[in-house]
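Peer 1: Letter by letter, the sequence shown follows residues 1 to 214 of my numbering.
Even for Gly, the Cβ is constructed at its ideal location relative to N, Cα and C.
Please read these numbers as outputs of a predicted model, since none were measured by experiment.
The structure under discussion is supplied below as structure tokens; questions concerning it will follow.
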Amino acid sequence: MNSEERIDAQCTKPTKRRGPSAENQRQIDDAIAARSLKISAYSGASIPINESDNDTCAQYDEPGTAPPNAQYEYLNHPADILLHAWGDNFISSLRNLACAMFGCITSLSSVSTDAHQSEEFGRNIAARGHDTRSLVYAFLDEWLFNFHETGFIPKDIDIIDYDPHTFMISSKGTGEVLDLTRHPRGMEVKAITYSAMKVKETDGRCDVYVVVDI
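In structure tokens form, the structure reads like this:
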């Protein structure tokens with residue numbers, strides 16, 4: 001099933017409901033269960049790391065640690081991790097939030113840009129919600145689903161199109177497929193959650209908070 005079909009299957013008409021519907025939650029749970037069969041291929045469970053690999057990875061930032069000048073940070077949260085990203089507007093904070101999520105998985109400073117892999121795995125990642133919070137959820141979930149399917153880690157994400165009225169967004173990323181002989185092993189991000197999710201917009205700044213299940 002492609003990205004557009006998944007979006008159409010999971011989205012409902014706009015309402016004032018907070019969080020996913022019962023049907024959406026069932027689909028989310030089913031998707032997480034299906035993904036768990038594929039995560040080990042990219043989480044490092046079946047890929048040995050030898051001493052020389054660790055020496056190579058040691059030159060990069062620690063996964064789960066925001067590099068200098070990054071517009072995101074990692075905050076303490078019981079059992080899981082709270083991502084906080086910010087920017088001049090909603091779009092820039094959303095891009096930074098996705099980078100924060102992938103920065104949990106590996107050090108983004110270790111990720112190079114592979115044009116072929118970026119074109120094959122990182123183009124046209126689309127999402128749709130029924131309000132701002134559900135769009136944040138759907139956007140991160142689509143990128144996480146793409147990683148679980150392909151192993152692709154974007155080091156940068158561009159927003160191609162955004163409609164604030166229909167809560168639709170499309171994006172693309174540049175990066176490469178995770179290779180634990182070159183990329184430091186970080187945390188296994190299992191799912192996005194609505195727990196403590198918050199979007200705060202003021203003049204000239206937008207802050208977004210999301211807890212991810214690790």
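Distance, Cα to Cα, Ile160 vs His77?
Peer 2: So the two alpha carbons sit approximately 32 Å from each other.
Peer 1: Any idea what DSSP makes of Thr150, helix, strand or coil?
Peer 2: helix
Peer 1: Write down the C-beta distance between His116 and Asp207 rounded to the nearest angstrom, noting that I regard them as a contact closer than 8 Å.
Peer 2: Contact doesn't hold; Cβ gap of about 36 Å is too wide.
Peer 1: Roughly how many angstroms separate the alpha carbons of Ile125 and Thr181, rounded to a whole number?
Peer 2: Between Ile125 and Thr181, the alpha-carbon positions lie close to 27 Å from each other.
Peer 1: Leaving out five residues before and five after Lys198 in sequence, what residues of the same chain have Cβ atoms less than 6 Å from its Cβ?
Peer 2: The residues Tyr209, in chain order, have a CB closer than 6 Å to that of Lys198 in the same chain once the five nearest residues on each side in sequence are set aside.
Peer 1: Can you tell me whether Arg123 is buried or exposed, with buried defined as 16 or more other CB within 10 angstroms of its CB?
Peer 2: exposed
Peer 1: Does the Cβ-Cβ distance between Val111 and Ile153 come in under 8 Å?
Peer 2: yes
Peer 1: Quick check: Leu135 and Ile192, are their CB atoms within less than 8 Å of each other?
Peer 2: no
Peer 1: Under the DSSP definition of a beta bridge, which residues are partnered with Asn74?
Peer 2: It should be pointed out that residue 74 corresponds to Tyr in this sequence rather than to Asn. Looking at the DSSP assignment, Tyr74 forms a beta bridge with Leu83.
Peer 1: Go through its chain and collect everything with a Cβ distance to Glu73's Cβ below 7 Å, but skip five positions before and after it.
Peer 2: Excluding residues within five positions, the ones whose Cβ falls inside 7 Å are Ala66, His84.
Peer 1: For Thr106 and Pro63, I'd like the C-alpha separation in whole angstroms.
Peer 2: When rounded, the distance between both Cα atoms is 5 Å.
Peer 1: State the CB to CB distance for the pair Thr150 and Thr113, rounded to an integer number of angstroms; the pair is presumed to be in contact (CB under 8 Å).
Peer 2: Actually they do not touch by this definition, with Cβ atoms about 16 Å apart.
Peer 1: Check the DSSP bridge columns for Tyr209 and list the partner residues they point to.
Peer 2: His84, Lys198
Peer 1: Helix, strand or coil: how does DSSP classify Asp131 here?
Peer 2: coil
Peer 1: Can you give me the C-alpha to C-alpha distance between His183 and Glu176, rounded to a whole angstrom?
Peer 2: 10 Å
Peer 1: Output the distance between the C-alpha atoms of Val104 and Met187, rounded to the nearest integer angstrom.
Peer 2: The sequence given here places Cys at residue 104; Val does not occur at that position. Approximately 6 Å, taken between the alpha carbons.
Peer 1: To the nearest angstrom, how far is it from the Cα of Asp163 to the Cα of Ser118?
Peer 2: 24 Å
Peer 1: Between Leu94, Arg205, Thr132, Asn69, which has its C-alpha nearest Lys172's C-alpha?
Peer 2: With distances taken between Cα atoms, Lys172 lies closest to Leu94.
Peer 1: Identify the continuous alpha helix (DSSP H) that holds Met101 and give its terminal residues.
Peer 2: 90-105
Peer 1: Give the C-beta separation of Arg128 and Phe90 to the nearest angstrom, bearing in mind that I take them to be a contact with Cβ-Cβ under 8 Å.
Peer 2: Contact doesn't hold; Cβ gap of about 15 Å is too wide.
Peer 1: Drop a sphere of 10 angstroms on the beta-carbon of Ser170, count the other beta-carbons inside from all chains shown, and report buried for 16 or more, exposed for fewer.
Peer 2: buried
Peer 1: Would you list the residues sitting across from Val177 in a DSSP beta bridge?
Peer 2: Phe152
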